[in-house]
Amino acid sequence: MEWQEISGSWVYLPTTKPIGIVHFLGGAFVATAPQVTYRSLLQQLGQAGFAIIATPFLNTLDHLAIARDVLNRFETILDRLQRNNFITKGYLPIYGIGHSMGCKLHLLIGSLYEVERAGNILISFNNYPASRAIPFLEQFNNTFTLSLNVNPAFNVEFSPSPTETSELIASNYNIRRNLLIKFNNDTIDQTITLEPVLQQRFPEMIATLTLPGNHLTPLSQEINWQTGDIFTPFDVFGQWFKQGFSRDLSRLNQEILRWLNPFSLV
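My numbering puts the first residue of the sequence shown at 477, with every later residue one more than the last.
Dropping the structure here:
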């Protein structure tokens with residue numbers, strides 16, 4: 477199996493008939509090349525039988541426009557794969573998986589559009605204002621208002637804003653089954669604010685997991701550290717480094733697969 481670029485997105489198909497389809501959206505500054513930045517995570521899901529459609533995007537302040545664009549591209553690619561018999565027409569469960577900003581985009585899609593999803597997996601959700609999410613934006617706002625002599629109340633913000641996003645999810649989000657994943661060493665995760673909103677909409681349909689790792693764990697790559705004929709101190713460090721990253725990534729992948737297909741790990 478190899479990655480294929482189709483209509484500006486990246487597709488990874490299993491060698492056998494897919495058991496489901498995953499639409500993946502990554503984090504704000506690593507989403508432009510998900511087939512590289514999330515390679516290990518996505519390929520493991522592909523090797524477990526899921527067709528992966530990873531839609532790259534460039535981050536702007538207009539998150540509504542990004543959500544609409546990634547959904548349109550996903551549906552176009554899915555239709556093309558079906559017409560060319562890469563994916564058999566008929567019902568296959570479709571899951572959304574998002575990391576960081578990708579969670580917000582899947583939440584917007586599920587709140588604004590009538591999409592059929594068997595569920596969403598939301599990893600390391602955050603919904604910060606632009607002033608915190610974008611480095612140096614606060615300084616830019618100050619410089620901009622001074623140089624143009626405009627009202628100091630002027631402020632650059634995402635659309636929708638964090639408050640508007642929360643209100644939209646609370647009133648309109650229509651994907652019933654969700655898995656929320658956070659890591660025990662993630663200082664920018666806001667899953668704690670999302671969980672009660674989803675629990676109120678769909679009681680008993682929301683699962684939350686706290687796993688070892690940090691905000692960058694989904695970006696971890698499998699490291700193929702080969703020792704030489706003589707085991708050196710560098711090999712000790714290399715094996716420790718490999719085991720640490722691989723262990724957290726492996727646990728993440730295992731829990732995702734357990735939720736997607738409980739019988740796959742039996």
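Where is the CB? At the ideal position from N, CA and C, for every residue including glycine. Please read these numbers as outputs of a predicted model, since none were measured by experiment.
Query: Pick from L537, L557 and N548 that is closest to L489, judged by C-alpha positions; Result: L557
Query: Inside the region 542–599 only - alpha helix (DSSP H) runs reaching at least 4 residues; Result: 577–588
Query: Selection from T552, A509 and R727 that minimises the alpha carbon distance to W479; Result: A509
Query: Touch test, the region 657–670 against the region 685–695, Cβ-Cβ under 8 Å, three pairs minimum; Result: yes
Query: Euclidean distance between Cα positions of Q495 and Q511; Result: The sequence as given places Ile at residue 495; Gln does not occur at that position. If you take the alpha carbons of I495 and Q511, they lie about 20 Å apart.
Query: E496, enclosing alpha helix (DSSP H) - first and last residue; Result: Just to set this straight, residue 496 is Gly in the shown sequence, not Glu. That residue, G496, is in no alpha helix (DSSP H); its beta strand (DSSP E) goes G496 to L501.
Query: Between the CA atoms of T531 and E481 - distance to the nearest angstrom; Result: 10 Å
Query: Contacting residues, own chain, Cβ-Cβ under 6 Å from A606 (five flanking each side not counted); Result: L613, V632, E633 and F634
Query: Pick from L670, M681, D538 and I597 that is closest to H499, judged by C-alpha positions; Result: I597
Query: Simplified DSSP state of Q480, which is helix, strand or coil; Result: strand
Query: Pair within 9 Å by beta-carbon distance, F550 and I529; Result: yes
Query: Close-in-space but distant-in-sequence residues of the same chain around T491 (CB under 8 Å, 5 per side omitted); Result: M477
Query: Beta carbon of A543 nearer than 9 Å to that of I497; Result: no
Query: Of the residues F505, S600, P694 and L554, the one placed nearest S533, counting alpha carbons only; Result: This sequence places Phe at residue 533; Ser is not what is there. Per the Cα distances, F505.
Query: Residue environment, M577, which counts as buried when at least 16 other CB atoms sit within 10 Å; Result: buried
Query: L733 versus T536: straight-line alpha-carbon distance, rounded; Result: 32 Å
Query: Minimum Cβ-Cβ distance from L557 to chain B less than 9 Å; Result: Protein chains in the displayed structure number just one, and chain B is not present.
Query: CB contact flag (T641, L588, <9 Å); Result: no
Query: Cα-Cα separation between E592 and T552, rounded to whole angstroms; Result: 15 Å
Query: Cα-Cα separation between T513 and A507, rounded to whole angstroms; Result: 8 Å
Query: 9 Å Cβ cutoff met for L670 and N603; Result: yes
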